[in-house]
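Let me begin by presenting the structure, written as structure tokens, before commenting on it.
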């Protein structure tokens, strides 16, 4: 059951716009920093700014939104804050100010991501509808990567932040019109809990304490390895292909396939196979890094982008379905915040480690070879420690 179809549709549109803009920033900021004359090692350090903000703030926003039972205020702060950051980024070419406003972008985007929590509450944690939101996220990534490359080819990398600003402005309308319906959400949840108490003889404490901490470690080590590589992936592809439109296609096809995989995940992931999907996703992540090291042509990159699509869709969809179905309105925001913090803390620490490797040897491929092992650590942790609720 959907508690507010209008708000659900608006959140889906808002999520699409935010993730389209964010993917343009995430994919092409490294190229923009090199355009400003930044060294490779410093560029790699700066692009870790976004993971740092996404690591620090989601648990805090989740905790506060749970405590005060108010999600919409964080959506408003995040929306207007990101637009402010994009305006300032489009007006400066100074490296220090660019770094500062990238930090603010990450800070406000972390606040905006509370929309995922509100959406899951409005659809009563139904895994089918949660998969729709996951699919919309990767659809935004596809459009951002694909058409971002085309627009930058035509108008130049110096206009990247004017592009993301134009994408983000319509989001104001969406967020202002969203209605949280908090009393209805709490009433609906209490009715479902009472039904469980009657049908399954369970208790609320069991539901609230059922999250396995192993998922956080799995997310951390997987993203420690692969996320630092993503900002330079476009650079690696350009060195062989030389055409940003082709690069945009290769990055975008990954997300295009993920759109359909996320929809499929909502139909086939259950408590019985959630662990298997996590393990397979982490295993394919390690294979993806190996593929990026050996890729030298369009078709080899294409193949391993398909592998990456499966790896991400498997582990992330399984994790989100597991979390949303085992949390309550009192802890959902904080738990999702912890999951996001695990992703981006891994990205941040991994980015620092990757930068350190580059400082000793500026060869990207040598540094990448050290990162293959970390998704395997995630596989070991999930295999030994994760016990899904039956």
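Residue numbers (my numbering): 4 to 393.
A virtual CB, placed ideally from N, CA and C, is assigned to each residue, including glycine.
Only a predicted model underlies this, so the values are computations on that prediction, with no experimental measurement involved.
Since residue i is in the alpha helix (DSSP H), which residue starts that stretch and which ends it?
{"i": "residue 62", "result": "61–71"}
{"i": "residue 133", "result": "130–158"}
{"i": "residue 4", "result": "No alpha helix (DSSP H) contains residue 4, which DSSP labels as neither H nor E."}
{"i": "residue 173", "result": "Counting along the chain, residue 173 falls outside any alpha helix (DSSP H), and DSSP gives it neither H nor E."}
{"i": "residue 374", "result": "From DSSP, residue 374 is part of no alpha helix (DSSP H); its letter is neither H nor E."}
{"i": "residue 396", "result": "With the chain represented from 4 up to 393, any question about residue 396 goes unanswered, as that position is not in the structure."}
{"i": "residue 106", "result": "98–115"}
{"i": "residue 216", "result": "Where residue 216 is concerned, there is no enclosing alpha helix (DSSP H), given that its DSSP letter is neither H nor E."}
{"i": "residue 328", "result": "Element bounds for residue 328: n/a, residue is neither H nor E."}
{"i": "residue 291", "result": "277–297"}
{"i": "residue 389", "result": "Where residue 389 is concerned, there is no enclosing alpha helix (DSSP H), given that its DSSP letter is neither H nor E."}
{"i": "residue 120", "result": "118–125"}
{"i": "residue 82", "result": "75–94"}
Under the rule that 16 or more other beta-carbon atoms within 10 Å means buried, what is residue i, buried or exposed?
{"i": "residue 273", "result": "exposed"}
{"i": "residue 347", "result": "buried"}
{"i": "residue 96", "result": "exposed"}
{"i": "residue 329", "result": "buried"}
{"i": "residue 190", "result": "exposed"}
{"i": "residue 173", "result": "exposed"}
{"i": "residue 109", "result": "buried"}
{"i": "residue 389", "result": "buried"}
{"i": "residue 180", "result": "exposed"}
{"i": "residue 10", "result": "buried"}
{"i": "residue 299", "result": "exposed"}
{"i": "residue 182", "result": "exposed"}
{"i": "residue 292", "result": "buried"}
{"i": "residue 61", "result": "buried"}
{"i": "residue 71", "result": "exposed"}
{"i": "residue 307", "result": "buried"}
{"i": "residue 275", "result": "exposed"}
{"i": "residue 317", "result": "buried"}
{"i": "residue 29", "result": "buried"}
{"i": "residue 40", "result": "exposed"}
{"i": "residue 158", "result": "exposed"}
{"i": "residue 364", "result": "exposed"}
{"i": "residue 99", "result": "exposed"}
{"i": "residue 20", "result": "buried"}
{"i": "residue 280", "result": "buried"}
{"i": "residue 373", "result": "exposed"}
{"i": "residue 357", "result": "buried"}
{"i": "residue 260", "result": "buried"}
{"i": "residue 359", "result": "exposed"}
For residue i, which residues from the same chain have a beta carbon less than 8 Å from its beta carbon, with the 5 sequence-adjacent residues on both sides left out?
{"i": "residue 38", "result": "160 and 161"}
{"i": "residue 117", "result": "64, 65, 68, 74, 77, 78, 81 and 336"}
{"i": "residue 175", "result": "82, 83 and 86"}
{"i": "residue 131", "result": "269 and 270"}
{"i": "residue 319", "result": "137 and 284"}
Give me, in chain order, the residues of the same chain whose beta-carbon lies closer than 6 Å to that of residue i; leave out the 5 immediate sequence neighbours on both sides.
{"i": "residue 121", "result": "74"}
{"i": "residue 135", "result": "none"}
{"i": "residue 289", "result": "375, 378 and 379"}
{"i": "residue 255", "result": "145, 148 and 149"}
{"i": "residue 24", "result": "167, 170 and 171"}
{"i": "residue 35", "result": "160 and 163"}
{"i": "residue 262", "result": "138, 141 and 142"}
{"i": "residue 26", "result": "144, 147 and 148"}
{"i": "residue 224", "result": "377, 380 and 381"}
{"i": "residue 295", "result": "none"}
{"i": "residue 258", "result": "141, 144 and 145"}
Which same chain residues end up closer than 7 Å to residue i when comparing Cβ atoms and leaving out the 5 residues on each side of it in sequence?
{"i": "residue 187", "result": "6"}
{"i": "residue 352", "result": "227"}
{"i": "residue 128", "result": "327 and 328"}
{"i": "residue 367", "result": "235 and 239"}
{"i": "residue 314", "result": "284, 287, 288 and 291"}
{"i": "residue 209", "result": "Note that residue 209 has pLDDT 46, beneath the 50 cutoff, so the model's placement of it is unreliable and the number below is only indicative. Cβ neighbours of residue 209 beyond the five flanking positions: none."}
{"i": "residue 14", "result": "118, 121, 122 and 181"}
{"i": "residue 250", "result": "152, 237, 240, 241 and 244"}
{"i": "residue 265", "result": "134, 137, 138, 141, 316 and 320"}
{"i": "residue 59", "result": "none"}
Which runs of the alpha helix (DSSP H) at least 4 residues long sit entirely within the segment 221–247? Give them in chain order.
233–244
Curious, which full-length alpha helix (DSSP H) runs of at least 4 residues does the segment 309–370 contain?
335–363
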